[in-house]
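Asker:
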Amino acid sequence: MTRSLLDFADWTAEQVQAIFDTADVMHEVLARPVKKVPALQGMTICTAFFENSTRTRLSFELAARRMSADVVTFAAGASSLSKGESLRDTIETLNALGVDAFIVRHEASGAAHLVNKYSAKPTINAGDGRRAHPTQALLDAYTLREKFGSLEGKKITIVGDVRHSRVARSNAELLPMLGASVTLCGPATLLPKELARRGVTLTTDVNEAVKGADAVMALRLQRERMNAGYLGSLEEYAATYQVNEALMERARDGAFVLHPGPMNRDVEISGSLADSPRALIVRQVENGLAVRMSVLYHLLVGRGA
Amino acid sequence: MLKIVNVKRVGSDAEEVLFVDGDKILGWNLAVDADVTLDGGGGTIVPALIELHAHLREPGQEEKEDLASGLAAAAAGGYGTVVSMPNTSPVVDDPAIVRQLAEKAARLGFARLRPAAALTKGQQGKELAELALLKDAGAAMFTDDGRTNEDARVLRLGLEYASSLDMVVSVHAEDATLRADGVMHEGEVSEALGLPGNPAEAESARVARDIEIARLTKARLHVQHLSTARALDLVRRAKADGVPITCEVCPHHLTLTHEHLRGFDAQYKVAPPLRTSEDAAALLRGLSDGTVDAVGTDHAPHTSSEKERDLLTAPFGIPSIEVAFPLMYTRFADTLGLQKLVDLFTSGAARVMGWDAPTLEPGAPADLTILDLDTERAVEPSTFRSKAKFSPWAGEVLRGWPTLTLVAGRVAFQRGA
Ligand SMILES: [Zn+2]
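Here the protein sequences line up with chains X and P, keeping their order.
Using the numbering used here, the first residue of the first sequence is number 1, and each one after it goes up by one.
Using the numbering used here, the first residue of the second sequence is number 1, and each one after it goes up by one.
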């Protein structure tokens, strides 16, 4: 088993399957009255969040605590990093304090690789720049697999700001590995053509993108994109690319809807669709905990399990 | 009187003796007595190299580099003369700063310093600096390098004014709005890494504009650190049209590509960015066919901790002044030949600056370098004279290392000394 989870470059479908199998076990743990196992007792896990993300951090911290690890949190805002301390110095300091693994969130693509390089400890990428957010992709795939049984031959469509989305990039790496095809869709300014590859197609035509899809994921659209010239207006975006009931008519019957959160209701996704039974958004969050427990287990304890 | 024994001239295997009298070359193989004898160790003697593009960081950023470390590093790299860039803190836009730099450098006794001055006040690209006074103070050229000249009219006026002073203007040719927040070449690799890209067209679009301004003003324009095949081709065509334009390329754009960034190592972050292998190959052809006038290093020292940051926040720049010649010799001597390579580091650079071509003939300044073309030695950043103790070529085994650099008849560098 790979010692770190930075992206899926050196991962195999079998290894991902092992993560999913253990996540099934973790779900059983989470269903118990005492939701705790001693798997990581005595270990110290550092959530190094150089960029704010309360939801992701809480999910990781809870996952670590459910397995009896000690958790220390490094939040960059209040740190010396703003005074010019290098990432390397920060990580070496934390390393010297006896941290056993790092969970890293950073606004710069590649930062998780640097942390791994400077610490030589198991590192989980909790989102770096626009590059990768592998545990999000794992929980997305796990959630879909829960519904479909297998991802083999499924068409998954991702709609929105693909350019700036680490979620889209990680899903475009992982889902084809599991046998699904991925269609990335968004306005041309937010859809870099270089992302096309085996198992991944690109289109700016949302009707085409959603046609026959087994699941559709809407990506969060940031208001800043409008001011940066990527879009004319949020209204225009919503009118063209919003994932809503009318658009879902083109998908497979009973197709599911996902969103990595947090949502802008009635911008990238209609509020009514987000609240409908076909939306898996709450389930994604629940599964995120089990999947992250499984990832921690595999990186810190499991040996090829 | 000094004599250097056991040296060869480029293209010859004959062992010869060079005599130096004071700061001038006296002649070859003379029957006169010398006070001091230096053994050239069978090395090849060439005019001291000329660096037309180095960032020495003084004043204001001495933690990265200062005149002493930068000019010592230059001498160790075989350079006898260095043109320093004015994007310091404060900016070199004041005649007094030019004088201070020149005086301090002369006292140090390493490579000669010829400071470039800013074209515009504060390098803001809005109002011309005091170009005539800057020239009187000793400025060697004008440039807003470190910044791009966004206002085409200001560049036009600067070229006209500099031309009346018989001075060259050099430009960092990138369209800053098209470059936007790009930290590396825009393409397959930048998308795979999820990093904001800087398209090749940011350079070629700006070079196209600047060629038209040079055509308009008929003033000498020098384009720095070309990185793309497209822009190089524009310069090639402009030269054929008779536009008075020169250009340089840097060792890193010839020897590294955007693929090197796959490990997220900010040592490879540079502006303009490392491009594709096709671009590097086109630049090398430009060296062969004479489109490229000179090799400039764009030596850009930073502290190691700055370069250990992530790729978004680490500063741009690769330090290379101590390895430029051996690197180029080791990689490209077969393609270009020694004579051509030496020309790119000496007479080509002089031509860009509007200086006489350096020679080793009697009466010429005794600025010379001995190159050991045979001994292999690995790049070892910890031994750099530069304060920047890192290198993307660390560990690479190179030949063609300078063993002695003489500036105005004085030893500015001697290997092992
Ligand atoms: Zn520049």
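Here a beta-carbon is modelled for each residue, glycine too, at the ideal position from N, C-alpha and C.
Bear in mind that the values here come from a model prediction, so they are computed numbers and not experimental data.
1) According to DSSP, is Y230 of chain X helix, strand or coil?
2) Taking Cβ positions, are V243 of chain X and L221 of chain X nearer each other than 8 Å?
3) How many angstroms separate the CA atom of E208 of chain X from the CA atom of M248 of chain X?
4) Which residues, in chain order, sit with a beta-carbon under 7 Å away from any heavy atom of ligand 1?
5) Considering just the uninterrupted stretch of the alpha helix (DSSP H) at G77 of chain P, what are its terminal residues?
6) Check whether the segment 290 to 305 of chain X and the segment 155 to 162 of chain X touch, using three or more Cβ-Cβ pairs below 8 Å as the test.
7) Listed from N- to C-terminal order along the chain, which residues in the segment 190 to 218 of chain P have their beta-carbon within a distance smaller than 7 Å of any beta-carbon of chain X?
8) From the beta carbon of D279 of chain P, is the nearest beta carbon of chain X less than 8 Å away?
9) So which of P:R9, P:I4, P:M1 has the shortest CA-CA distance to Q339 of chain P?
10) Between the C-alpha atoms of A349 of chain P and G400 of chain P, what's the straight-line distance to the nearest angstrom?
11) Inspect the beta-carbon positions of E322 of chain P and S386 of chain P and report whether they are closer than 8 Å.
12) Just mark K36 of chain X as buried or exposed, buried being the case when its beta carbon has 16 or more other beta carbons within 10 Å.
13) Hey, could you find the ends of the alpha helix (DSSP H) G22 of chain P is sitting in?
14) Counting Cβ pairs, one atom from each stretch, are 3 or more of them under 8 Å apart for the segment 19 to 28 of chain P and the segment 53 to 66 of chain P?
15) Per DSSP, what kind of secondary structure is D10 of chain X in: helix, strand or coil?
16) I want to know whether the segment 40 to 49 of chain X touches the segment 4 to 15 of chain X - three or more CB-CB distances under 8 Å.
17) Which residue or residues does DSSP assign as beta-bridge partners of C46 of chain X?
18) Give the DSSP-derived three-state secondary structure of T240 of chain X in the structure shown.
19) Which partner residues of V206 of chain X appear in the DSSP bridge assignment?
20) In or out: P326 of chain P buried (at least 16 other Cβ within 10 Å) or exposed?
21) So with CB distances below 7 Å, who are the chain P contacts of P176 of chain X?
22) So is K193 of chain X buried or exposed if we call it buried at 16+ other beta carbons inside 10 Å?
23) Note down, in chain order, every chain X residue with its Cβ under 7 Å from the Cβ of G70 of chain P.
24) Starting from M85 of chain P, trace the alpha helix (DSSP H) in both directions and tell me its first and last residue.
25) Any idea if E127 of chain P is buried or exposed, counting beta-carbon neighbours within 10 angstroms, 16 or more meaning buried?
26) So with CB distances below 7 Å, who are the chain P contacts of R220 of chain X?
27) Flag N86 of chain X as yes if its beta-carbon sits less than 8 Å from any beta-carbon of chain P, otherwise no.
28) Of all the options P:G317, P:G296, P:E191, P:A214, which has the alpha carbon lying nearest to the alpha carbon of E259 of chain P?
29) Please list, in chain order, all residues of the same chain as T56 of chain X whose beta carbon is under 6 Å from its beta carbon, the five residues on each side excluded.
30) How do the segment 111 to 130 of chain X and the segment 83 to 103 of chain X stand: do at least 3 beta-carbon pairs fall below 8 Å, yes or no?
31) Within the continuous beta strand (DSSP E) that includes H222 of chain P, where are the two ends?
32) Give a yes or no on whether the minimum CB-CB distance between A132 of chain X and chain P is below 8 Å.
33) Looking only at its chain, what residues have a beta carbon closer than 6 Å to the beta carbon of F49 of chain X, apart from the 5 residues adjacent to it on each side?
34) Comparing the C-beta of G127 of chain X with each C-beta of chain P, is any distance below 8 Å?
35) Counting only the same chain and skipping the five closest in sequence on each side, list residues whose C-beta sits under 8 Å from that of R3 of chain X.
36) DSSP state of T369 of chain P, grouped into three classes?
Answerer: So, from the listed chains and residues:
1) By one-based count along the first sequence, residue 230 of chain X stands at place 230. In the structure shown, Y230 of chain X sits in coil (DSSP, three-state: anything other than H, G, I, E or B).
2) Within the first sequence, the letter at position 243 stands for residue 243 of chain X. Within the first sequence, the letter at position 221 stands for residue 221 of chain X. No, the Cβ-Cβ distance between V243 of chain X and L221 of chain X is not below 8 Å.
3) Locating residue 208 of chain X in the first sequence gives position 208, where the first residue counts as 1. Locating residue 248 of chain X in the first sequence gives position 248, where the first residue counts as 1. About 11 Å.
4) P:D145, P:G146, P:H172, P:Q224, P:H225, P:A271, P:D298
5) As a first step, residue 77 of chain P is located in the second sequence; it is residue number 77 there, counting from the start. Taken as a continuous stretch (DSSP letters only), G77 of chain P belongs to no alpha helix (DSSP H), as it is neither H nor E.
6) no
7) E191, L193, G194, L195
8) By one-based count along the second sequence, residue 279 of chain P stands at place 279. With 8 Å as the cut-off, D279 of chain P does not count as an interface residue toward chain X.
9) By 1-based counting over the second sequence, the position of residue 339 of chain P is 339. With distances taken between Cα atoms, Q339 of chain P lies closest to P:R9.
10) Walking along the second sequence from the start, residue 349 of chain P turns up at place 349. Walking along the second sequence from the start, residue 400 of chain P turns up at place 400. Whole-angstrom Cα-Cα distance: 19 Å.
11) As a working note, residue 322 of chain P is residue 322 in the second sequence. As a working note, residue 386 of chain P is residue 386 in the second sequence. Yes, these two residues count as a Cβ contact at 8 Å.
12) Reading the first sequence from its first residue, position 36 is the one you call residue 36 of chain X. Exposed, by the Cβ-count rule.
13) By one-based count along the second sequence, residue 22 of chain P stands at place 22. Neither: G22 of chain P is in no alpha helix (DSSP H) and is coded neither H nor E.
14) no
15) Taking the first residue of the first sequence as 1, we reach residue 10 of chain X at position 10. In the structure shown, D10 of chain X sits in coil (DSSP, three-state: anything other than H, G, I, E or B).
16) no
17) Within the first sequence, residue 46 of chain X is the residue found at index 46, counting from 1. Note: C46 of chain X sits in a beta bridge opposite X:V72, X:F102.
18) Counting from 1 along the first sequence, the entry for residue 240 of chain X is found at position 240. If DSSP states are grouped into helix, strand and coil, T240 of chain X belongs with the helices.
19) The count along the first sequence starts at 1 and reaches residue 206 of chain X at position 206. DSSP lists no partner for V206 of chain X.
20) To locate residue 326 of chain P, count along the second sequence from 1; it is residue 326. So P326 of chain P ends up on the buried side.
21) Looking up residue 176 of chain X in the first sequence gives position 176. Under the 7 Å cutoff, chain P gives no residues; its nearest Cβ is about 15 Å from P176 of chain X.
22) In the first sequence, residue 193 of chain X corresponds to position 193, counting from 1. Its Cβ having fewer than 16 others within 10 Å, K193 of chain X is exposed.
23) As a first step, residue 70 of chain P is located in the second sequence; it is residue number 70 there, counting from the start. Near G70 of chain P there are no residues of chain X at all, since even the closest Cβ is about 23 Å away, more than 7 Å.
24) Walking along the second sequence from the start, residue 85 of chain P turns up at place 85. From DSSP, M85 of chain P is part of no alpha helix (DSSP H); its letter is neither H nor E.
25) Within the second sequence, residue 127 of chain P is the residue found at index 127, counting from 1. When all chains shown are included, E127 of chain P counts as exposed.
26) Against the first sequence, residue 220 of chain X aligns to sequence position 220. Residues of chain P passing the Cβ test: none, with the nearest at roughly 16 Å.
27) The residue given as residue 86 of chain X occupies position 86 in the first sequence. The displayed chain sequence assigns Ser, not Asn, to residue 86 of chain X. Yes, because at least one Cβ of chain P sits closer than 8 Å to the Cβ of S86 of chain X.
28) Locating residue 259 of chain P in the second sequence gives position 259, counting from the first residue. Here the closest residue by C-alpha is P:E191.
29) Residue numbering aside, residue 56 of chain X sits at position 56 when the first sequence is read from its first letter. If we look at T56 of chain X and ignore the five residues flanking it on each side, its Cβ neighbours are A126.
30) yes
31) Translated into positions along the second sequence, residue 222 of chain P becomes position 222. It spans 221 to 223 - the beta strand (DSSP E) in which H222 of chain P sits, taken as one unbroken run.
32) For the purposes of this step, residue 132 of chain X is taken as residue 132 along the first sequence, with counting starting at 1. Yes - at least one Cβ of chain P is within 8 Å of the one on A132 of chain X.
33) Position 49 of the first sequence holds residue 49 of chain X. Same-chain partners within the cutoff: R57, A75, R105.
34) Here residue 127 of chain X refers to the residue found at position 127 of the first sequence. False, the Cβ-Cβ gap to chain P never drops below 8 Å.
35) What you label residue 3 of chain X is simply residue 3 of the first sequence in a count that begins at 1. Taken in chain order, the residues that qualify are P122, L299.
36) Position 369 of the second sequence holds residue 369 of chain P. Strand at T369 of chain P.
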